[in-house]
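Undergrad:
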Amino acid sequence: MQARSALFDLYGDYLRDRGSRAPVSALVRLLAPLDIAAPAVRTAVSRMVRQGWLHPLRLAAGPGYLLTPKAARRLDEAAARVYRTGRGGWDGRFDMILLHEPVTRRDALRLTYLGYGPLSEQVWVAPRASEEVEALLAEAGAGYERFSASPTADATGIVDRAWDLTRIGQSYREFVESLLPVVKSITPRSTDEEAYAARFRLVHAWRSFLFQDPQLPSALLPAGWPGVKAAGFFDKHATRLRPAADRHVERCLQSASRGTRVGFSNP
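The letter at position 204 of the sequence shown is residue 204 when you use the UniProt record's numbering, and the numbering goes up by one with no holes.
Below, the structure written as structure tokens:
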């Protein structure tokens, strides 16, 4: 697990509701159960500051970092997709982006993250319009035309061209298979830290689907879609492990505020 990616997960899943800030000592403690060393945490934090995701500030517990407004918006949008909140039905229309020139691989990945799939190098489509896409294309310096369109024929033909549902479905099956032993290892006898680490890995793996699955409406999905079973599996165990994970987070934050370490050596 990369330190930078883990920090996004940490802020998005635990610190966003706790003031969106934390001392660096707490960040180190909270990523230690994921086998991420202190130097890697500090390097990733510095990089995120340069990229405009974190803002340094002085806290009572020492140097700390606050989410920037840009980061807060991105994490809130990601959380809505991870936990599937605020998603309505489909109005039968696609959001279409016609690029004047192909974008870079990096910007193509960013379009994928926002739920767009390519019909060609210069034509991208999404089942729902993203509020971020115009800012993304402006930053990329890409000329484009954008409009909403209803398919004149079976919409599944568009879906099949833009997304590899066979591959995505297999990824969902592999997600359940690989994470099942991780979450089943947590029993009532497990420590809060163990539950936190297992839940962190569960959520981290689930977030990877933000770069794969556009979360198509049910009307556009094949029967027996594996994502439904995977979502149920994720919801069940993310909810089950949350109380213990929250206790561990609170303990680490309180320990950092007291300037002591509980169960760890000083960073």
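All C-beta atoms, glycine included, are put in the ideal place defined by N, C-alpha and C.
1. For glycine 92, which residues of its own chain have a beta-carbon under 6 Å away from its beta-carbon, when the five flanking residues on both sides are left out?
2. Quick check on valine 228: buried or exposed, where buried means 16 or more other Cβ atoms within 10 Å of its Cβ?
3. Suppose the cutoff is 6 Å on Cβ atoms and the five residues either side in sequence are ignored; what does the same chain contact list for alanine 140 look like?
4. Compute the beta-carbon to beta-carbon distance between alanine 71 and leucine 54, rounded to the nearest angstrom, for a pair I have assumed lies under 8 Å.
5. What residue from Phe200, Ala26, Glu77 has the CA that sits closest to alanine 60's CA?
6. Spell out a yes or no on whether the stretch 214-222 and the stretch 42-57 are touching, meaning 3 or more CB-CB pairs, one atom from each, closer than 8 Å.
7. Within a Cβ cutoff of 6 Å, which residues of the same chain sit near phenylalanine 147, ignoring the five residues on either side of it in sequence?
8. Residues in its own chain within less than 8 Å of arginine 173 by CB, not counting five upstream and five downstream?
9. Could you tell me which whole beta strand (DSSP E) segments of length 3 or greater appear in the stretch 40-99?
10. Would the beta-carbon of isoleucine 186 fall within 9 Å of that of alanine 244?
11. Assuming contact is defined by CB atoms lying nearer than 9 Å, are valine 49 and leucine 7 in contact in what I supplied?
12. Can you list, in chain order, the residues of its chain with a C-beta nearer than 7 Å to that of glutamate 145? Leave out the 5 residues immediately preceding and following it.
13. Buried or exposed: glycine 232, going by 16 or more other Cβ atoms within 10 Å of its Cβ?
14. Less than 8 Å between the CB atoms is what I'm expecting for alanine 3 and threonine 43, so what's the real figure, rounded?
15. Among the residues of its own chain, which have a CB less than 6 Å from the CB of arginine 247, if the five just before and after it don't count?
16. Closest to leucine 137 by C-alpha separation, out of Tyr11, Thr112, Arg207, Asp76, would be which residue?
17. Checking the sheet assignment: what are the DSSP bridge partners for glutamate 145?
18. Histidine 204 and serine 20: beta carbons closer than 9 Å?
19. Nearest to leucine 216 by alpha carbon, out of Glu132, Arg73, Arg128, Glu101?
20. By how many angstroms is the C-alpha of leucine 109 removed from the C-alpha of alanine 195?
21. Buried or exposed for glycine 12, going by 16 or more other Cβ atoms inside 10 Å?
22. With proline 118 as the anchor, note down where its alpha helix (DSSP H) starts and where it stops.
23. Excluding the 5 residues flanking leucine 119 on each side, which residues of the same chain have their C-beta closer than 8 Å to its C-beta?
24. Report the three-state DSSP secondary structure of valine 182 (helix, strand or coil).
TA: Per the coordinate set shown:
1. By 1-based counting over the sequence shown, the position of residue 92 is 92. Result list for glycine 92: Ser150, in chain order.
2. For the purposes of this step, residue 228 is taken as residue 228 along the sequence shown, with counting starting at 1. With fewer than 16 Cβ atoms within 10 Å of its Cβ, valine 228 is classed as exposed.
3. One-based indexing of the sequence shown puts residue 140 at position 140. The residues are Val103, Asp107.
4. Translated into the one-based positions of the sequence shown, residue 71 becomes position 71. Translated into the one-based positions of the sequence shown, residue 54 becomes position 54. With 8 Å as the limit, alanine 71 and leucine 54 qualify as a contact, their Cβ atoms being about 7 Å apart.
5. Taking the sequence shown and counting its residues from 1, the one referred to as residue 60 is at position 60. Nearest option by C-alpha distance: Ala26.
6. no
7. Stepping through the sequence shown from its first residue, residue 147 is reached at position 147. Around phenylalanine 147: Met96.
8. One-based indexing of the sequence shown puts residue 173 at position 173. Cβ neighbours of arginine 173 beyond the five flanking positions: Pro226, Ala230.
9. 54-59, 62-67, 94-99
10. Taking the sequence shown and counting its residues from 1, the one referred to as residue 186 is at position 186. Taking the sequence shown and counting its residues from 1, the one referred to as residue 244 is at position 244. A contact, by the Cβ cut-off of 9 Å.
11. Position 49 of the sequence shown, counting from 1, holds the residue named residue 49. Position 7 of the sequence shown, counting from 1, holds the residue named residue 7. Not closer than 9 Å, so no.
12. Taking the first residue of the sequence shown as 1, we reach residue 145 at position 145. Once the five neighbours on either side are set aside, the close Cβ partners of glutamate 145 are Leu98.
13. Here residue 232 refers to the residue found at position 232 of the sequence shown. So glycine 232 ends up on the exposed side.
14. Translated into positions along the sequence shown, residue 3 becomes position 3. Translated into positions along the sequence shown, residue 43 becomes position 43. With a Cβ gap of about 7 Å, alanine 3 and threonine 43 count as contacting.
15. Residue numbering aside, residue 247 sits at position 247 when the sequence shown is read from its first letter. Excluding residues within five positions, the ones whose Cβ falls inside 6 Å are Asp192.
16. The residue given as residue 137 occupies position 137 in the sequence shown. That would be Thr112, whose Cα lies nearest to the Cα of leucine 137.
17. Position 145 of the sequence shown, counted from the start, is the residue given in the question as residue 145. Answer is Leu98, bridged to glutamate 145.
18. Residue mapping note: residue 204 aligns to position 204 of the sequence shown, counting from 1. Residue mapping note: residue 20 aligns to position 20 of the sequence shown, counting from 1. No, the pair does not count as a contact, with Cβ atoms beyond the cut-off.
19. For this step, residue 216 is matched to residue 216 along the sequence shown. Minimum Cα distance to leucine 216 is reached at Arg128.
20. Counting from 1 along the sequence shown, the entry for residue 195 is found at position 195. Counting from 1 along the sequence shown, the entry for residue 109 is found at position 109. Straight-line Cα distance between these residues: approximately 32 Å.
21. If you number the sequence shown from 1, residue 12 lands on position 12. So glycine 12 ends up on the buried side.
22. Within the sequence shown, residue 118 is the residue found at index 118, counting from 1. Run containing proline 118: none in the alpha helix (DSSP H); it sits in the beta strand (DSSP E), 117-120.
23. Position 119 of the sequence shown, counted from the start, is the residue given in the question as residue 119. Same-chain partners within the cutoff: Val125, Ile158, Arg161, Ala162.
24. Position 182 of the sequence shown holds residue 182. Correct three-state label for valine 182: helix.
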